[in-house]
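**Student:**
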Amino acid sequence: MRASRLLSLLLLLQNRGRMSATQLAAELGVTARTVYRDVEALATAGVPIYAEQGPAGGYQLMDGYRTRLTGMTADEAESLFLTGMPQPAAELGLGAQVAAAELKLMAALPTPYRDASMRIRQRFHLDARGWYREPDAVPHLLAVAEALWQDQTIEVRYRRWAPRPGEVTRRLHPLGLVLKAGVWYLVAAGRGQPRTYRVSAIVDLRPLPETVTRPDSFDLADFWRAHVERYERADTDQVAVVRLTPNGVTALPDVLGPKAARLALHTLTPADRDGWHQATIPMENVPHTAATLLRLGPNAQALAPTQLVAHLTDTIQEMARLYPA
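Each residue of the sequence shown is one higher than the one before, starting from 160 at the first, in this note's numbering.
Structure representation (structure tokens):
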């Protein structure tokens with residue numbers, strides 16, 4: 160543990176230049192007294208490190224000194240693909256590995272490339288979540304990720320909405336995790352072909368001793384691409400049937416988003432005698448779709464599936480009790 164910290168301290172000074180004991184302590188998660196001891200240990204080992212006094216002082220390395228002791232651990236190497244996504248890395252328990260891997264990678268780069276990488280970090284940032292949306296609570300994400308790393312079967316109690324709302328128990332063979340628009344999905348094989356499960360809907364999880372044998376032909380990126388295409392084509396078991404006023408039709412792009420609205424408008428029927436149209440819209444799940452339709456107010460009426468109609472009916476009745484005539 161101390162050897163890793165000494166290397167991190169050395170790389171911090173190499174990458175950032177002069178740093179105070181307080182700054183180093185904050186970066187390393189230790190006390191300033193520990194930093195003093197670590198600096199003394201590095202100096203004793205022959206590292207040309209020295210201190211400057213004063214308000215702008217701190218520790219720094221002699222000009223021109225660079226270490227090539229930048230070997231990465233397996234965990235750090237596995238975490239490199241997440242270096243631009245610190246929050247997902249933290250959710251997977253890889254925050255420390257990502258920070259260490261980034262530091263070592265920066266130290267290994269020649270100065271011009273290191274400067275270029277710093278410019279990129281200062282100019283580009285990835286925020287995967289949607290507007291006005293809190294992240295899902297995913298208390299079982301780490302357990303899912305651990306089973307995935309270990310190729311281990313899991314038994315989950317899962318909250319589903321279709322075909323019948325309720326909790327079900329499933330034995331799953333984890334094949335992959337996908338972060339889509341701030342939502343974590345587990346891709347897993349169960350009774351048949353691989354399916355997707357929203358990690359936040361896992362109520363309980365138990366690892367089993369059975370080892371997962373991954374299919375040689377399975378490719379996570381290809382599977383997810385096909386899944387998204389099926390979802391966006393609005394398969395019959397993933398759509399809601401709705402009636403819309405002309406105002407509701409006009410508001411669809413703002414409420415559903417441009418792509419989902421185009422799919423819905425392709426299914427639009429001519430207006431009936433009352434001026435209402437009928438359409439099918441993609442449905443992620445019952446609560447999400449109900450919240451979407453409520454944004455249309457009296458300009459939309461859900462016709463199917465029955466779970467969606469029941470959910471909206473209960474919600475609207477509860478709302479009506481809050482606003483008596």
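From the three backbone atoms N, C-alpha and C, an ideal C-beta is built for every residue, glycine too. Everything numeric in this text was worked out from a predicted model, so none of it was measured.
Using the C-alpha atoms, what's the distance from residue 164 back to residue 170?
**Tutor:** The straight-line gap from Cα to Cα measures roughly 10 Å.
**Student:** For a test of the three-state rule: what should DSSP assign to residue 317, helix, strand or coil?
**Tutor:** In this structure, residue 317 counts as strand in the three-state DSSP scheme.
**Student:** Let me check understanding here. Comparing Cα to Cα, which of 312, 442 and 406 lies closest to residue 468?
**Tutor:** Among 312, 442 and 406, the Cα nearest to that of residue 468 belongs to 442.
**Student:** In chain order, what residues of the same chain have a beta carbon less than 8 Å from the beta carbon of residue 471, not counting five sequence neighbours either side?
**Tutor:** Contacts found: 449, 452, 453 and 461.
**Student:** Could you tell me which whole beta strand (DSSP E) segments of length 3 or greater appear in the stretch 362 to 442?
**Tutor:** If we require 3 residues or more, the beta strand (DSSP E) runs fully inside the stretch 362 to 442 come out as 398 to 403 and 436 to 441.
**Student:** In angstroms with no decimal places, state the Cα-to-Cα distance between residue 384 and residue 455.
**Tutor:** Roughly 30 Å between the two C-alpha positions.
**Student:** Near residue 206, what residues of its chain come up, given a Cβ to Cβ distance below 7 Å and the 5 sequence neighbours on each side ignored?
**Tutor:** Taken in chain order, the residues that qualify are 169.
**Student:** Ordered along the chain, which non-local residues of its own chain (more than five positions away) have a Cβ less than 7 Å from that of residue 318?
**Tutor:** Answer for residue 318: 326, 360 and 362, listed in chain order.
**Student:** Taking 8 Å as the limit between beta carbons, can you name the residues of its chain near residue 328, skipping five residues before and five after?
**Tutor:** If we look at residue 328 and ignore the five residues flanking it on each side, its Cβ neighbours are 314, 315, 316 and 317.
**Student:** With 16 other CB atoms within 10 Å as the buried threshold, where does residue 204 fall?
**Tutor:** Exposed, by the Cβ-count rule.
**Student:** In this structure, does DSSP put residue 351 in helix, strand or coil?
**Tutor:** Here residue 351 sits in coil by DSSP.
**Student:** Give the single residue among 332, 375 and 303 whose Cα lies nearest to the Cα of residue 354.
**Tutor:** The shortest Cα separation from residue 354 among 332, 375 and 303 belongs to 332.
**Student:** For residue 216 and residue 179, what's the separation of their Cα atoms in angstroms?
**Tutor:** Using only the alpha carbons, I get a separation of about 7 Å.
**Student:** In chain order, what residues of the same chain have a beta carbon less than 7 Å from the beta carbon of residue 473, not counting five sequence neighbours either side?
**Tutor:** If we look at residue 473 and ignore the five residues flanking it on each side, it has no Cβ neighbours.
**Student:** Going by Cα to Cα distance, which pick from 177, 444 and 367 is closest to residue 214?
**Tutor:** Residue 214 has its Cα closest to that of 177, out of 177, 444 and 367.
**Student:** Just verifying my parser: in three-state terms, what is the DSSP assignment at residue 171?
**Tutor:** Three-state result, residue 171: helix.
**Student:** Hey, residue 219 and residue 172: beta-carbon distance below 7 Å or not?
**Tutor:** Yes, these two residues count as a Cβ contact at 7 Å.
**Student:** Over the uninterrupted beta strand (DSSP E) stretch that includes residue 302, give me the two end residues.
**Tutor:** Careful: residue 302 lies outside any beta strand (DSSP E), inside the alpha helix (DSSP H) at 300 to 308.
**Student:** In the DSSP output, what is residue 192 paired with across the bridge?
**Tutor:** Answer is none; residue 192 lacks a bridge partner.
**Student:** With a threshold of 16 other CB atoms inside 10 Å of the CB of residue 344, please say whether the residue is buried or exposed.
**Tutor:** By the 10 Å Cβ count, residue 344 comes out buried.
**Student:** Can you have a look at residue 440 and say buried or exposed, based on whether 16 or more other CB atoms are within 10 angstroms of its CB?
**Tutor:** The residue in question, residue 440, is buried, as its Cβ has 16 or more Cβ neighbours within 10 Å.
**Student:** Is residue 347 closer than 7 Å to residue 336 when the C-beta atoms are compared?
**Tutor:** In this structure, residue 347 does not lie closer than 7 Å to residue 336 by Cβ.
**Student:** Under the DSSP definition of a beta bridge, which residues are partnered with residue 479?
**Tutor:** Per DSSP, none; premise fails for residue 479.
**Student:** Whose C-alpha, out of 369, 190 and 403, is nearest the C-alpha of residue 420?
**Tutor:** Of the candidates 369, 190 and 403, the one whose C-alpha sits nearest the C-alpha of residue 420 is 403.
**Student:** What's the call for residue 447, buried or exposed, on a 16-neighbour Cβ count within 10 Å?
**Tutor:** With fewer than 16 Cβ atoms within 10 Å of its Cβ, residue 447 is classed as exposed.
**Student:** Using C-beta distances below 6 Å, list every residue in its chain close to residue 366, excluding the 5 sequence neighbours before and after it, in chain order.
**Tutor:** The answer, listed in chain order, is 306, 311 and 313.
**Student:** Could you give the distance in angstroms between the alpha-carbon of residue 378 and the alpha-carbon of residue 301?
**Tutor:** Their backbone Cα atoms lie some 22 Å apart in a straight line.
**Student:** For a quick check, are the C-beta atoms of residue 401 and residue 438 less than 7 Å apart?
**Tutor:** Contact: yes.
**Student:** Put residue 212 into one of helix, strand or coil per three-state DSSP.
**Tutor:** Residue 212 falls in the coil class under three-state DSSP.
**Student:** If we count the other Cβ atoms within 10 Å of its Cβ and call it buried at 16 or more, is residue 458 buried or exposed?
**Tutor:** Buried, since its Cβ has 16 or more Cβ neighbours within 10 Å.
**Student:** Output needed for residue 423: all residues of its chain with C-beta closer than 7 Å, excluding positions within five of it in sequence on either side, in chain order.
**Tutor:** Once the five neighbours on either side are set aside, the close Cβ partners of residue 423 are 411, 415, 438, 439 and 440.
**Student:** Considering Cα atoms alone, identify which of 192, 444, 466 and 223 is closest to residue 356.
**Tutor:** Residue 444 is the option with its Cα nearest to residue 356.
**Student:** Quick check: what's the CA-CA separation for residue 475 versus residue 408?
**Tutor:** Each residue's Cα considered, the two are about 21 Å apart.
**Student:** Check the DSSP bridge columns for residue 336 and list the partner residues they point to.
**Tutor:** BP columns for residue 336 point to 345.
**Student:** Does DSSP classify residue 462 as helix, strand or coil?
**Tutor:** In this structure, residue 462 counts as strand in the three-state DSSP scheme.
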